[in-house]
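Chains as they are written, first to last, in UniProt numbering: chain Z, 1 to 582; chain W, 1 to 582.
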C-alpha cells in the first residue's frame, strides 16, 4: 500500500519515476484520496480528476521555483501529496494537519490561501509581474476549472494576460462542470473546442489575445507530460486547455458529478454517507419547499443563483421542474445581483440564493446596482454563522459588518422556522425594499412569529423585564433566551429579552423606552462585533447612562476552529456572561 | 438656436423628423452639450461621441416600452435631451435638475441610477428576464463602451446573455478608449473586428455565443438607423458593435481623448478651464511626485491601477516614463487587487491607485486574495471624503464602514501632507501588512509627522488636556483642532486632542488612559457612522462611565449635496457641537 507514494517527499522524487511507475503512483494517490475522503469528507470530483495532470506538472516543472496557483484550490490534494504532505492522506492521524485548500503555512509549494473561485489567473499574474520586475525566469502556472472561468475576476485576468509578453501558462481544466452544470455562452465555445480537438476558429482564449493548445486526454500522464514540456519556458502567455473527467476512478462520482463535487464521509462500497443527519427538517429544506410552492403560485417569482443551487440543496430535478423560474448564471455573483435588480425593476420577484461568504463578491453591486435603485430583491444567505463553514476562506462571520451598513438594504435575522418562512413570504411579496435574509446557523427552532415586517427596524420585545435588556440577534436569540433564564435563576430578577429581527437598523423608540427601567443592554450577534449590529446600539447609547456590552466574534480570520471552543475563548458562553455580570 | 431640439418633448417627436432634420438635430444637440459643459462641466467625450447613435436609437425603438440601459450612463446626455429633459442642457437655470447619469426619478425613460462601470448588460438582462416571465415582447437594449467591457461584471453578463433565447441587444460603443487608453488582450480583438469590418473569425462576442453585427460609421445617423432596424425585435441576443469617435465635433477633444473624457467648466475657444485652481500643491500632485521618485530609487516598486491613473493625475508622459513600473489592468478592480497581492507575495512593492467608490468592487478580493494572505500591498484611495464627489453613485463615505472591518487590513488616515507622504513611504517599504491610505479630502495641511507606523493602532495624542477627549480621524483632524480651540475659548479648559492615524483598530492603552481625567470622548470621522471608526470606540467604552459621542454622516445615499450644508443638517459644525456640549 502506498509503496511509491511513501517515497515521494517532494517533486524531485516524482521526476525519478518511470512512466509506468507514474501510472502506479496515480493509482496509489486515488487510494490515498479515498482514505481521507471516506473518513473526513472534502472535495471529491475535482481531486479525482486532477491526479494525472498534477503528476505531470510536478514531473515537468520545478516547483516551488516554478509556481503553481490553483483556483479555489479544491483540486490541490494531489499537489499536496506530492509536495511533502502525503501523510495528510495516508495517515489518519495527520488528516487535520492539511487544510482543504492551498496554504503557504503548510508548504513552500503553496503561494496563497484561497477558497473562493476565479482568482488563480490574477494571483498568478501578480507572481509573474514581480518575476519580470526582478528579471527572474521561472514558469508561472495558473490552474483553473472551466466552471470558474465565468467569474468576473477570472475573465478580467484573462484580458490582462492577453497583454503580457513573458512566460505565463494557464491550465484550463475542463471537466464540463461547475459544482452543478455549467451555464453561459462560453461553455458552448469550450464544447466546440473539445469537439474540434482545439481547432475551432471560434476560440474564446484567442479572442483574449492568448496562445492556445488543446489536450483531449487530460487523464493520460504521458500525454500531459508531453503537453507541459511543449509549453515550459514559453516566452508568452498560453492557455493549455485539457479535458479531464471529474471524479475519475469512482464510478458513482463519474456518473453523478454534481453530488460528488464535495462529499461528507461515506462508505466506499455504497457511496452512502456514514453518519445520520437525523430527521429534523432543516432550514435549507424549508427553503426548497417554500420555493417550489411559491413558484407554482406566483409566475413572477423566480430563483436566481450564482452556481449555488446547493446552498439550499435545490436538486437537479427541482431545477428542471422550476423551468424558467430558475436561473443559474454560473459562477457570477456580480451579474447575479445586477440581473436580480433589473428583473425586480421590471416587475419580477427574484429570490437570490447563495452562501454568505460568496455574496461578499458583490458588495458593490448590492450597494450600487441594487440598493441605490431600491429594487425589491430578496437574497437568502446560507452559512451566515460562525457555526458552519470554518475554513478561513469560507467564513460567514463578516456578513453583518459588510451588509448592515449599506443604506436601503433591509437585513433580516430570523430566530425560528416560523419567522424565517414568514420573512421569506413577506419579502418576496413586498415591492419596497431590497432584503437580505440570514438563514439561521443553529438547530431549527419553533416559535410563533409575525407575518408582516413592513414596519422596518421594529424590534420585538419577547419578554418585558427590568434592569438588564438582552438584544439577541437572529440565530443567537436562543442564546439570549438561555441567558435570560440564567439571569433570573442566578440574580432573581427577570431581564428584558428582545428579538430585533432587523440587523440593519435600530428601533430607537424601543431603545429609548429601555432607558426607564434598565441600566444595562447586552447585545448578542453571530458575527464579528466590529461594524456589526451591537456597535450601532453602543453608539446610540454613547452619551446616556445606559451601559452596553457587545458580544460577538473578534475581527479576525479564524481558521478551522471548534465553534463551541471559540465561544469559550471569547468568554461568551452563558455561564461566562453570567460570571462577568457578577 | 435649438429650433428642432425645442420641439422634442419625447422620442415620438424624433420619429417625425426627416433624415436631414435629424442631422440638424445632432448639431443642435452638440451645441446644447457645449452650453452645459462649458458652464458646469461633466462628461465630454462619451456624450459627443454618442449623439448620432442615440438619435437613431430613439428613431427606431419605442422608449420607454423598449428599454435602454446605459453603462456608467455618462454617455446618456443625448438620451436625456430627447426624453423631455432638453432644458437641462439649453437653459442654464435648469442645469441642476438633471444629474450626470441616468435617473429613474427624472424620467420613465431611465431605469437605473448608475455611475459605476460594466453594469449595463447585467441590469438589462434582468429587465429581459422579467419581460420573458411576463410574456411581454419589448426590446431590451444595453449600451456599453469598449472600455467598460473589461470589467468582470460585464463579461459575466456577456456569458449569461449567450445562454438566452429571446430578444436582447447589446450595443458596444467602441471609441477605442476607456478614460485613458484601453488595456488587455480583448482590445486587440476589437481592433481586428474594426479592421475587418466585423468579419474577423476571431470574435470575442461570438465566443460568448452571441450573434454579431458591425457598423463602422457609428456617427452616421442613417447607417445607425439601418442597423438598429435590422436588429429590432430580434428573437435572440445580438451584439451591435459600432465604431464611434469619442469627443466628435470638438477638435481638441478628438485629439486628446483622455483629457476630454470629463471636463471642468472651460472656454470653448481655447479649451482652458475657466477658473483658477490656485497654486497649492494638491495631495494628488504629491502622490505623483512620490511615485516618480520612488520608482527611480526602487526597482521592485510599481504602480497598478484599474484604469484610473487620473485618480491621482498621472499623465500619459509619466506613465510612459514609468515603463514596466506602471501597470494599468483596464477597468478591472478585482483583478487589480489580486495581481497586486500576487506581486507582493513574489517580492514586488505594488501601489494600487483608484477612487474609494470604485475599490468597493473588490471588497472580496481585498478580504480574501489580499488580507487572508496578508501580503504587503499599499492601496491609495482618492475621494475617500464626503467632500469631493457628491453624486450618489460616486460617494466616498462608505469606505470606513467597508474596509475598517476586514482583519489584517491597516487603514491609515493621514492628517497632513507630511503625514501622508511619510505613510506612503513607510507602507511601500514595509513587508508585514496590506495597507489602505485615505487621501485627505480637505485642503492640504502641513504639520510635522512621524515616519514609522509599524506600531499598529498606536494613536497620537497631539494635545494632552482634560475632561473631553476629541478623537479626530484623518481629514477631520482639522475640525477636531478647531473644536478643541473653541472648547478652550468657550468653556475655559483644554481638551485632549488625538490623531488616531489608524482607522482600523483601537489604541486600547490610550483609551484606558483617557478614563483617568476624561468623562467624554468625541469622535469625528469623514464617513458614515455606521460600521465606521467611532462606533468601535463607543463599543469599547460601553460598560465604562465614559460618555462617547460619535460624529459622522448617516447611513444614507446622499445625492448632489452641498458639503457644508450637509454638515449643518447633521449638526456637526464646530459651533453646533459646542452648542450641544452646553
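Note that CB positions come from ideal geometry on N, CA and C, so glycine has one too.
Just checking: is the beta-carbon of residue 633 of chain W within a distance shorter than 8 Å of some beta-carbon in chain Z? Absent from the model: residue 633 of chain W. The displayed extent of chain W is 1 to 582, so no value can be given.
How about residue 437 of chain W and residue 524 of chain W: are their beta carbons less than 8 Å apart? Going by beta carbons, residue 437 of chain W and residue 524 of chain W fall outside the 8 Å limit.
Can you tell me which of the three DSSP states residue 113 of chain Z falls into? In this structure, DSSP gives residue 113 of chain Z a state outside helix and strand, which the three-state scheme calls coil.
For the candidate residues W:38, W:27, W:74, whose alpha-carbon lies nearest to that of residue 47 of chain W? Of the listed residues, the one whose Cα sits closest to residue 47 of chain W is W:74.
Of the listed residues W:267, W:579, W:241, nearest to residue 250 of chain W (C-alpha basis): The shortest Cα separation from residue 250 of chain W among W:267, W:579, W:241 belongs to W:267.
Are the stretch 184-195 of chain Z and the stretch 159-168 of chain W touching by the rule of at least three beta carbon pairs closer than 8 Å? The stretch 184-195 of chain Z vs the stretch 159-168 of chain W: in contact.
Helix or strand or just coil, what does DSSP make of residue 42 of chain W? Collapsing the DSSP output to three states places residue 42 of chain W in a strand.
Straight-line gap, residue 516 of chain W to residue 261 of chain Z (C-alpha atoms, nearest Å): Rounded to the nearest whole angstrom, the C-alpha separation of residue 516 of chain W and residue 261 of chain Z is 59 Å.
Just to confirm my understanding: we take residue 540 of chain Z, look at its own chain, exclude 5 residues before and 5 after, and list those with CB closer than 8 Å. What are they? Taking residue 540 of chain Z as the centre and dropping the five residues before and after it, the same chain places the C-beta of 506, 508, 511 closer than 8 Å to its C-beta, in chain order.
Looking at C-alpha atoms only, which residue of Z:130, Z:479, Z:558, Z:486 is the closest neighbour of residue 581 of chain Z? For residue 581 of chain Z, the closest C-alpha among the options Z:130, Z:479, Z:558, Z:486 is that of Z:486.
Do residue 538 of chain W and residue 531 of chain Z have their CB atoms nearer than 8 Å? No.
Find out if the Cβ-Cβ distance for the pair residue 123 of chain Z, residue 302 of chain W is shorter than 8 Å. Their beta carbons are not under 8 Å apart, which means residue 123 of chain Z does not touch residue 302 of chain W by this criterion.
Comparing the C-beta of residue 116 of chain Z with each C-beta of chain W, is any distance below 8 Å? Chain W contact via Cβ: present.
Buried or exposed for residue 263 of chain Z, going by 16 or more other Cβ atoms inside 10 Å? Label assigned to residue 263 of chain Z: buried.
Less than 8 Å separating the beta-carbons of residue 449 of chain Z and residue 427 of chain Z? Contact check for residue 449 of chain Z against residue 427 of chain Z fails: the beta carbons are separated by 8 Å or more.
Exposure label - residue 360 of chain Z; buried when at least 16 CB within 10 Å: So residue 360 of chain Z counts as buried.
Cα separation between residue 221 of chain W and residue 176 of chain W? Near 20 Å, if we compare the C-alpha coordinates of residue 176 of chain W and residue 221 of chain W.
With contact counted as at least three CB pairs below 8 Å, one residue from each stretch, are the stretch 187-206 of chain Z and the stretch 196-214 of chain W in contact? Contact holds between the stretch 187-206 of chain Z and the stretch 196-214 of chain W, because three or more Cβ pairs, one in each stretch, are under 8 Å apart.
Members of the stretch 139-158 of chain W near chain Z, C-beta cut-off 9 Å: Those residues of the stretch 139-158 of chain W that come within reach of chain Z (Cβ to Cβ, closer than 9 Å) are 140, 149, 150, 151, 152, 153, 154, 155, 156, 157, 158.
Unbroken alpha helix (DSSP H) runs of length 4 or more, entirely within the stretch 482-544 of chain Z: which are they? Inside the stretch 482-544 of chain Z, DSSP marks whole alpha helix (DSSP H) runs of 4 or more residues at positions 508-517, 534-540, from first to last along the chain.
Between residue 131 of chain Z and chain W, is any beta-carbon pair separated by less than 8 Å? Yes, contact with chain W.
Can you give the Cα-Cα distance for residue 57 of chain W and residue 229 of chain W, rounded to whole angstroms? Each residue's Cα considered, the two are about 9 Å apart.
Using 10 angstroms around the beta-carbon of residue 214 of chain W, count the other beta-carbons present and answer buried if the total reaches 16, otherwise exposed. Residue environment analysis places residue 214 of chain W among the buried positions, since at least 16 neighbouring C-beta atoms fall within 10 angstroms of its C-beta.
Taking contact to mean 3 or more Cβ pairs, one atom from each stretch, closer than 8 Å, check whether the stretch 322-329 of chain Z and the stretch 454-465 of chain Z are in contact. Put simply, the stretch 322-329 of chain Z does not touch the stretch 454-465 of chain Z. Fewer than three CB pairs are less than 8 Å apart.
Contact under 8 Å by Cβ, residue 441 of chain Z with residue 480 of chain Z: No, these two residues do not count as a Cβ contact at 8 Å.
In chain order, each beta strand (DSSP E) run of at least 3 residues that lies wholly inside the stretch 126-167 of chain Z: The DSSP assignment places complete beta strand (DSSP E) segments of no fewer than 3 residues inside the stretch 126-167 of chain Z at 140-145, in order along the chain.
Buried or exposed for residue 129 of chain Z, please, with buried defined as at least 16 other CB atoms from any protein chain shown within 10 angstroms of its CB. Around the beta carbon of residue 129 of chain Z, 16 or more other beta carbons lie within 10 angstroms, which makes this residue buried.
Curious, which full-length beta strand (DSSP E) runs of at least 3 residues does the stretch 353-435 of chain Z contain? Complete beta strand (DSSP E) runs here, min 3: 378-382, 410-412.
Scan the stretch 366-393 of chain Z for residues whose Cβ lies nearer than 8 Å to a Cβ of chain W and list them as they occur along the chain. Answer set for the stretch 366-393 of chain Z: 367, 368, 369, 371, 372, 373, 392, 393.
For the alpha helix (DSSP H) holding residue 60 of chain Z, just list the boundary residues, first then last. Looking at the DSSP string, the run of the alpha helix (DSSP H) that includes residue 60 of chain Z is 51-60.
Report, in whole angstroms, the separation of the C-beta atoms of residue 375 of chain W and residue 344 of chain W, which I expect to be a contact under 8 Å. Yes, they are in contact, since the Cβ atoms of residue 375 of chain W and residue 344 of chain W sit about 4 Å apart, within 8 Å.
Nearest to residue 119 of chain Z by CA position, among W:142, W:121, W:120, W:152, is which residue? The shortest C-alpha separation from residue 119 of chain Z is found at W:152.
Take every Cβ of the stretch 488-501 of chain Z, pair it with every Cβ of the stretch 463-477 of chain Z, and state whether three or more of those distances are shorter than 8 Å. Counting C-beta pairs with one atom in each stretch, the stretch 488-501 of chain Z and the stretch 463-477 of chain Z have three or more that are closer than 8 Å, which means they touch.
Quick check: residue 111 of chain Z and residue 69 of chain Z, are their CB atoms within less than 8 Å of each other? Yes, Cβ-Cβ distance for residue 111 of chain Z and residue 69 of chain Z is below 8 Å.
Is residue 169 of chain W helix, strand or coil by DSSP? In the structure shown, residue 169 of chain W sits in a strand (DSSP, three-state: E or B).
Could you name the residues that DSSP lists as bridge partners for residue 304 of chain W? Answer is W:327, W:352, bridged to residue 304 of chain W.
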